Amino acid sequence: MPETANALRRESRKTAAVLGRREPVLYPPRILSGIQPAAGAHLGHYFGTLRQQVDLHHRYPGQTFVLIADYHVLTRHPDPTQVRQNTIELATTYLAIGLDPNKATLFRQSDVPECTELAWLLSCVTPTAAMRRVPTYKTAIERANGEPASADTIGLLASPVLMAADIFALRATVIPAGKDQVSSVEVARYIARRFNRAFNTDYLPLPKICLTDGHSVVGIDGRKMSARYRNVIFLFERFDQLKAKVSQIVTDPTPRHAPKNPDSCNVMALYSLVATAAQAEAMRRRYLEGLVDYADAKRELTLAIQEYFAPFLDKYAELKRRPDFVADVLREGFREARDQARETLDDVRRIVGLAAD
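Each step along the sequence shown adds one to the number in our numbering, with nothing skipped, and position 165 is 170.
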């Protein structure tokens, strides 16, 4: 093993020559997106990120990877049976809303163990103090329901490193992210710079952030739609369930025939997402002119949600009858993802001085 920094650099240069690397290392555009499995996708998931992910895979066919982050969800100590069920449910949802497995690689994070080994290698150049400053870590501790000690696990602290490993294992260069996820991509860039500097290489790419125009969707209680608040409308609600939830949407006490402010109305905020532009503008005028009451608006919202998601619901019902097809898609996905991750891991093992296949 090299005994000095200069010797380490010389050894790294030899490794780079063996790998055939030339500066700068150029990678083709490759998208990696994903989400943690939850008990059913809701409107917040769809308009916040899922729709944008599906749109992107049409722009980058063959170079899009979609990860179901079942390792990451374990930091919240969920029921094991629910983890498995939610993972399959999320895969089914992706396919139902238009993800084409011929254009994108859909896979489970836990099916690619190379990512966890890569995470260990990256953790060896990542300061603990830096991880404690990550906004998502601090937020998770604050939300620990008065028991921050039980939430403050190594897994939670190291989650950004595992996320970085997911990115680098697939050599992803573009990461779709909402504004609240930018810090996670910045952490991955930070880790890549530390690794490249430590081993005098430019092997790990610095992923770019693709800011999505996803919406922050309001829940039925007026707060951000989130399962944590129990205020969600699921994509595939039965009509009676949908109607009941929409009827609970919080509104102000403006009299029935009085003009209303569409910009501050929770019903209108949701209606604008699922209605056509012409329908939304017509509803807006009716609000301003006092020609609609909230009961009418809620009925129209219910019908608009049903109509918007009807094609997806048909596909979802078909996929629920074909669980083997969903399993096959995940099986093919993990094979492709593992092939890519093995190649990366072999390279990184050589760079750090370990034996590789």
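Using N, Cα and C, we set each Cβ at its ideal position, and we do this for glycine too.
Remember, predicted model here, so these are calculated numbers, not experimental data.
Asked, Found
"Separation of R336 from L324, as counted between CA atoms", "16 Å"
"Terminal residues of the alpha helix (DSSP H) in which R89 lies", "85 to 101"
"L175 vs A346 beta-carbon contact at 8 Å", "yes"
"Local Cβ density within 10 Å of G39, reported as buried at 16 or more and exposed below that", "buried"
"Spatial distance of A292 from V71 (CA atoms)", "Going by the sequence as given, residue 292 is Tyr instead of Ala. Looking at the two C-alpha atoms, the distance is approximately 40 Å."
"Cβ-Cβ distance between L55 and A43 below 8 Å", "no"
"Backbone secondary structure at S4 - three-state DSSP", "This structure leaves residue 4 out entirely; the chain is present only between 6 and 362."
"Beta-carbon contacts of S164 that lie in its chain and below 7 Å, excluding the five residues immediately before and after", "H77, T80"
"Close-in-space but distant-in-sequence residues of the same chain around D344 (CB under 6 Å, 5 per side omitted)", "none"
"Within 8 Å, strictly: CB atoms of Y321 and V279", "no"
"8 Å contact criterion, which F112 and A342 should meet: CB distance rounded", "4 Å"
"Neighbourhood of E122 by C-beta distance below 7 Å, restricted to the same chain and skipping five residues each side", "L350"
"Start-end ranges of the beta strand (DSSP E) lying completely within the segment 164 to 207, minimum 3 residues", "179 to 182"
"Cβ neighbours of R354 in the same chain (closer than 6 Å, five flanking residues each side left out)", "A361"
"Distance between N107 and Q90 (C-alpha atoms, nearest Å)", "24 Å"
"Sheet register partners of F317 (DSSP bridge)", "Paired residue(s): none; F317 is not in a bridge."
"Span separating the alpha-carbon of G160 from that of Q41", "15 Å"
"R243 versus L318, I254, P34, A135, residue with shortest Cα-Cα distance", "L318"
"Three-way DSSP call (helix, strand, coil) for A342 in this model", "helix"
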